[in-house]
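Residues are numbered in our numbering as their position in the sequence shown, beginning at 1, plus a constant of 11.
Note that the Cβ used here is the ideal one computed from N, Cα and C, for glycine as well.
Working notes, structure below.
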Amino acid sequence: MRVAVPNRRSATIPLVPVGRGGVDDSPECGLHAAQVDTEGSSDDLGQVHLDAGKAHTAQYVPGGGLGRVGFLAGPTSSPTLDLVKQVLLMVGAALLYFAVRGLSEGRVGVAIRHGHDILRLESRLGLDWERGLQSLIIDHHVLVTLANWIYIYGHWPVIAATLVWLFHCHRRNYLLLRNAMFVSGAIGLVIFATYPVAPPRLLDIGLQDTVTTFSTSYRALQPPALINKYAALPSLHLGWNLLVGITVFRTDRRTALRLFAVIGPILMAWAVVATANHYVLDAVVGAVVALIGLAVARHGR
């Protein structure tokens with residue numbers, strides 16, 4: 012495909028097509044190239060408009076990277092700098108998490124009282140499903156194992172794999188997901204610090220902690236030393252999986268991936284409650300916080 016630019020010599024420019032609404036609807040992984048006629052430095056090219064049956068717009072930055080996207084800087088022209096930047100962002104987020112985690116220590120009594128407050132509110136709303144959902148699986152080893160595996164392996168491994176895929180293949184949607192997670196995570200940290208909540212498994216209401224009772228592998232992906240036990244509300248376990256599902260659904264049109272995008276968050280919502288790690292309202296608030304994060308991230312673009 013050739014795009015005419017007057018008085019300029021031919022050059023190949025890596026481009027990332029962006030579909031309607033900012034969705035990267037590229038049919039395959041990797042950057043695409045268009046032939047353009049150029050003269051002199053390619054730094055002055057600005058925006059190139061392509062028409063191949065469907066209009067796409069992509070902004071060229073020397074080295075093939077995208078320009079600044081959103082309130083956090085997008086990729087640079089150096090893959091190494093991109094990687095370093097992402098690692099630094101994640102380390103910063105982890106340090107912030109540990110700081111907030113320390114704020115809730117020593118407030119066990121408050122967190123347990125808040126847990127009972129949530130149960131009473133759920134009872135009035137008809138949403139106190141925690142005991143009922145666990146009673147359906149607790150006598151069936153296969154179902155308990157399934158719930159545990161979804162809770163453990165359906166969270167961080169899925170999030171990490173999705174971020175790597177998007178970073179490599181759909182950079183704009185990677186930035187959208189990353190920023191949405193940062194915003195929702197920041198909201199969650201404020202709630203964790205100001206309103207600590209003990210999960211159902213830590214209340215004396217007859218529920219079992221199925222993850223620690225029937226599984227040992229959770230210690231590898233969720234070491235107890237790194238877990239804030241009194242951060243049940245909101246459930247970012249569900250919220251971030253919902254963000255992954257929305258992003259995957261908008262990014263790829265393949266049926267299998269879209270089914271995964273829809274079913275994944277539903278299964279996680281079931282697992283976080285059935286394993287007694289979250290209340291039903293935790294999941295509801297987690298979804299709302301995640302959607303707020305997504306809205307802010309999209310507005311920032």
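What residue from the options has the CA that sits closest to residue i's CA?
i      : options                        : result
ILE161 : LEU94, ARG264, ALA285, LEU144  : ALA285
ASP293 : VAL153, LEU130, VAL307         : LEU130
ALA204 : LEU244, TYR229, THR223         : LEU244
PHE149 : ASN184, ARG269, THR224         : The question names Phe, but residue 149 in the sequence shown is Ile. Comparing Cα positions, the closest option is THR224.
THR227 : ILE163, LEU218, ALA301         : ILE163
LEU157 : TYR241, ALA209, LEU174, GLY275 : GLY275
VAL299 : ILE170, THR266, ALA171, LEU254 : LEU254
ARG189 : SER89, LYS96, ASN159, GLU133   : LYS96
GLY304 : THR91, LEU154, LEU247          : LEU247
PHE260 : THR173, VAL111, ILE123         : THR173
GLY120 : ALA209, ALA308, SER89, ALA267  : ALA209
TYR229 : ARG124, TRP140, ASN159         : ASN159
MET101 : VAL155, ALA171, ARG124, HIS125 : ALA171
VAL175 : ARG264, ALA301, VAL98, ALA308  : VAL98
ALA110 : VAL201, ALA267, ALA301         : VAL201
PRO90  : ARG182, GLU133, VAL307         : ARG182
HIS152 : ALA301, LEU213, VAL222         : VAL222
Spatial neighbours of residue i within its chain, please: C-beta separation below 8 Å, excluding the five flanking residues on both sides.
i      : result
ALA104 : PHE193, GLY196
ARG118 : PRO207, TYR241
ASN269 : This sequence places Arg at residue 269; Asn is not what is there. Excluding residues within five positions, the ones whose Cβ falls inside 8 Å are VAL259, PHE260, ASP263.
Below 8 Å between beta carbons: does that hold for residue i and residue j?
i      : j      : result
LEU249 : GLY297 : yes
ASN239 : GLY165 : no
ALA287 : ASP215 : no
LEU177 : THR258 : yes
PRO211 : TYR108 : no
ALA308 : ALA122 : no
Grab me the residues of residue i's own chain with a C-beta within less than 7 Å of its C-beta, minus the 5 sequence neighbours each way, in chain order.
i      : result
VAL295 : none
GLY256 : ALA272, VAL273, GLY275, PRO276
LEU154 : ILE148
LEU218 : GLU141, ARG142, GLN145, PRO211, ARG212, ALA287
- Message: Across the stretch 268-288 and the stretch 142-156, are there enough close Cβ pairs to call them in contact, namely three or more that are closer than 8 Å?
- Response: yes
- Item | beta strand (DSSP E) segments (min. 3 residues) lying fully within the stretch 105-140 | none
- Return the chain-ordered ranges of every alpha helix (DSSP H) run that is complete within the stretch 235-275 and spans a minimum of 4 residues. 247-262
- Query: Taking only runs of the alpha helix (DSSP H) that begin and end inside the stretch 171-239, which ones reach a length of at least 4 residues, in chain order?
  - Reply: 182-205, 221-225, 229-232
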